[in-house]
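First up is the structure itself, then whatever we jot down about it.
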Amino acid sequence: MTTLWRNRRASLLVVLVPTVILISWKGLIGQLGGTGVLSNCITVGLTAIGLMGYTNMIARDRDKGIFQRLRVAPAPKWTIMTSRLAVQLLMIIITTVVLFIVGYKFDDISIEARGYLFGLLASIVGGAIYLSLGQIIVGLIKNPETVNVVTRLVYFLFIMIGTFGETGYLGPYVTNAVEWSPYGTVKDIISAALEPSTWNSHSSMALLVTLGYTAVFATFGIKWFRWNTR
Amino acid sequence: MNNDNHTSQTTPVLQVDGLNVYYGSFHAVSNVSFEVRPGEIFGLLGPNGAGKTSTLSAVEGLLKPQSGNIRVAGYSIREQPLYARANMGVQLQATSFQPELTITEIIQLYAGIYGVDLSKEQVASILANIKLQDSANKKYGQLSGGQQQRISLVIATIHDPQLVLLDEPTTGLDPQSRRQLWVRIEAMRDKGHGILLTTHSMEEAEAVCDRIAIIDHGKIIATDTPQALIDSNRERPEVIQASRKGKVTLEDVFIGLTGTEVRS
Chain E
1 MTTLWRNRRA SLLVVLVPTV ILISWKGLIG QLGGTGVLSN CITVGLTAIG
51 LMGYTNMIAR DRDKGIFQRL RVAPAPKWTI MTSRLAVQLL MIIITTVVLF
101 IVGYKFDDIS IEARGYLFGL LASIVGGAIY LSLGQIIVGL IKNPETVNVV
151 TRLVYFLFIM IGTFGETGYL GPYVTNAVEW SPYGTVKDII SAALEPSTWN
201 SHSSMALLVT LGYTAVFATF GIKWFRWNTR
Chain W
1001 MNNDNHTSQT TPVLQVDGLN VYYGSFHAVS NVSFEVRPGE IFGLLGPNGA
1051 GKTSTLSAVE GLLKPQSGNI RVAGYSIREQ PLYARANMGV QLQATSFQPE
1101 LTITEIIQLY AGIYGVDLSK EQVASILANI KLQDSANKKY GQLSGGQQQR
1151 ISLVIATIHD PQLVLLDEPT TGLDPQSRRQ LWVRIEAMRD KGHGILLTTH
1201 SMEEAEAVCD RIAIIDHGKI IATDTPQALI DSNRERPEVI QASRKGKVTL
1251 EDVFIGLTGT EVRS
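Okay, here's the thing in structure tokens:
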């Protein structure tokens, strides 16, 4: 937690980007719906947390030998990663709650209480997909600078294709691909969870696909991961 | 520097027996056996790629050897890794701590990991002991190399382990810091810790080690006290050829035994 606080500028940026998008998209609420706009912004926040926060933290700690130092201590290996995942879980909760508040205050997006609760749970489930995607990136790439560049590129791609893809401007093929991409499925489950009465078979399928992506990414991410950069 | 009174007739804190490490078909460590006794500084010397780091990594539990037994304070590193690690303090060659944490926080964090309860006064006392009391609130990343090494050494011994592993602890330090670290390592030895030290500095090995093992091509080729190694090898033609200014040093013996070829 101290690490999170000391790196608060980076953490603030993670929250700030979706917050700015949320405020600036007030005019799109009529077209996409309040939960549509909110779920998009939460997904952007989750992408940033998983790809930039978690991935870069792991890449840096591995490069500096912090993992190796912890591995020779009398603590099980799983606790090393769990402590880092716990920090990201906290960031997911903070980001989601901040966006709920901003959505309510600035965009007049009002949701029933269970919508907020299910939305938060869906954010946590959706966040796992980006954490596991980040795990694949640090599994494949050892150099922290390269990890930083790649995560920024992937983040940018997700935001651009995710947000513009579903508008239909990029054609029906892209729209369909985005819908079943990690961005689209996460956005769908959050959107449906925010408005539980709209949860349907499509939402359930999106949830299954999200869990599937997470399982595949996590499996390969863990398999390819090395504790040191040598 | 020898400490024979301390080390004789005591159970080893580290026993390495028939250790074999392979990287694919490359046999990096071949049937290596040695032991470190309490109150002893044991040096593991070898050229680059000789098998030092692989041996040390196996002892630390960072690498799984293909065969062999390693026991730390009687605990098998393979079967009881947490107990073995709890009795081991480690200063890794390329270790760092979280640069955004202050040194007080780092000491408290690692004390917690090792199950040591430290009061604020105790932390202050530890920092005063390594002359870093004025840097208590400095972040680790702001310390000099010598200061970082002192912190690293403090953390390696924070839980009063029976075995301390030091992987090239004085690399990159100026002569003053190096001498200061030697004094600290000797103080640890005098407290009864068994110390396994790897170094490329023959001067360091000769100055602080009670016994030395020279490893080359994955095999231990000599084990003895520094002086005994010099005495038993001074007549070898390769050692005489390696000696300069007529006096045989440990470095001459090392070069004589491992060759003059530069290893990658």
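Note that the protein sequences, when read in sequence, are chains E and W. At position 42 of the first sequence the residue is numbered 42 (the working numbering), and the sequence of numbers has no breaks. Offset between the second sequence (1-based) and the working numbering: plus 1000. Quick reminder that beta carbons are idealized off the backbone N, C-alpha and C, glycines included.
Residue j beta carbon less than 8 Å from that of residue i
i	j	result
residue 1151 of chain W	residue 1221 of chain W	no
residue 1061 of chain W	residue 1084 of chain W	yes
residue 194 of chain E	residue 38 of chain E	yes
residue 1132 of chain W	residue 1148 of chain W	no
residue 1052 of chain W	residue 1185 of chain W	no
residue 1114 of chain W	residue 73 of chain E	yes
residue 48 of chain E	residue 155 of chain E	yes
residue 1071 of chain W	residue 1015 of chain W	yes
residue 1082 of chain W	residue 1058 of chain W	no
residue 41 of chain E	residue 13 of chain E	no
residue 98 of chain E	residue 15 of chain E	yes
residue 138 of chain E	residue 225 of chain E	yes
Contacting residues, own chain, Cβ-Cβ under 6 Å from residue i (five flanking each side not counted)
i	result
residue 1168 of chain W	1093, 1198, 1199
residue 54 of chain E	88, 131, 134
residue 1260 of chain W	none
residue 148 of chain E	56
residue 199 of chain E	192
residue 1219 of chain W	1030
residue 1063 of chain W	1057
residue 1193 of chain W	1164
Residue environment, residue i, which counts as buried when at least 16 other CB atoms sit within 10 Å
i	result
residue 5 of chain E	exposed
residue 20 of chain E	exposed
residue 1129 of chain W	exposed
residue 91 of chain E	buried
residue 71 of chain E	buried
residue 78 of chain E	exposed
residue 66 of chain E	buried
residue 1247 of chain W	exposed
residue 208 of chain E	exposed
residue 111 of chain E	buried
residue 36 of chain E	buried
residue 64 of chain E	buried
residue 102 of chain E	buried
Interface partners of residue i on chain E, CB under 7 Å
i	result
residue 1085 of chain W	72, 73, 74
residue 1105 of chain W	2
residue 1090 of chain W	72
residue 1082 of chain W	74
Proximal chain W residues relative to residue i, where beta-carbon distance stays under 9 Å
i	result
residue 7 of chain E	1100
Closer than 8 Å at the beta carbon, the chain E residues around residue i
i	result
residue 1206 of chain W	Those within 8 Å of residue 1206 of chain W in chain E number zero; the least Cβ separation is about 28 Å.
residue 1061 of chain W	71, 72
residue 1023 of chain W	Simply none; closest approach about 11 Å.
residue 1114 of chain W	73, 74
Other residues of its chain near residue i: CB distance less than 8 Å, five sequence neighbours each side excluded
i	result
residue 1106 of chain W	1097, 1098, 1140, 1151, 1155
residue 1249 of chain W	1202, 1206, 1230, 1243
residue 1056 of chain W	1044, 1165, 1167, 1196, 1198
residue 161 of chain E	170, 174, 178, 181, 183
residue 106 of chain E	22, 23, 26
residue 115 of chain E	35, 193, 194, 195, 196
residue 1074 of chain W	1011
Proximity test, residue i beta-carbon vs the ligand GDP heavy atom, cut-off 7 Å
i	result
residue 1019 of chain W	You won't find the ligand GDP in this model; it holds no ligand whatsoever.
Beta-carbon proximity list for residue i, same chain, < 7 Å, skipping 5 on both sides
i	result
residue 206 of chain E	185, 188, 189
residue 128 of chain E	214
residue 1012 of chain W	1035, 1036, 1037
residue 1003 of chain W	Any reading at residue 1003 of chain W must be qualified, since the residue scores a pLDDT of 42, below 50, and its modelled position is unreliable; the value itself is stated next. Answer for residue 1003 of chain W: 1039, 1040, 1189, 1210, listed in chain order.
residue 203 of chain E	188, 189, 192
residue 218 of chain E	132, 135
residue 1126 of chain W	1107, 1154
residue 1111 of chain W	1118, 1158
residue 1238 of chain W	1256
residue 1137 of chain W	1102, 1104
residue 122 of chain E	189, 190, 193
residue 1253 of chain W	1229, 1230, 1233, 1239
residue 1090 of chain W	1060, 1156, 1165
residue 168 of chain E	175
For residue i: DSSP bridge partner residues
i	result
residue 1034 of chain W	W/1016
residue 1291 of chain W	Here chain W comprises residues numbered 1001 to 1264, so residue 1291 of chain W is not present and cannot be evaluated.
residue 1083 of chain W	Residue 1083 of chain W pairs with nothing; no bridge assigned.
residue 1069 of chain W	W/1017
residue 1234 of chain W	Looking at the DSSP assignment, residue 1234 of chain W forms no beta bridge with any residue, so it has no partner.
residue 1076 of chain W	W/1071
residue 1091 of chain W	W/1166
residue 1216 of chain W	W/1219
residue 1022 of chain W	W/1027
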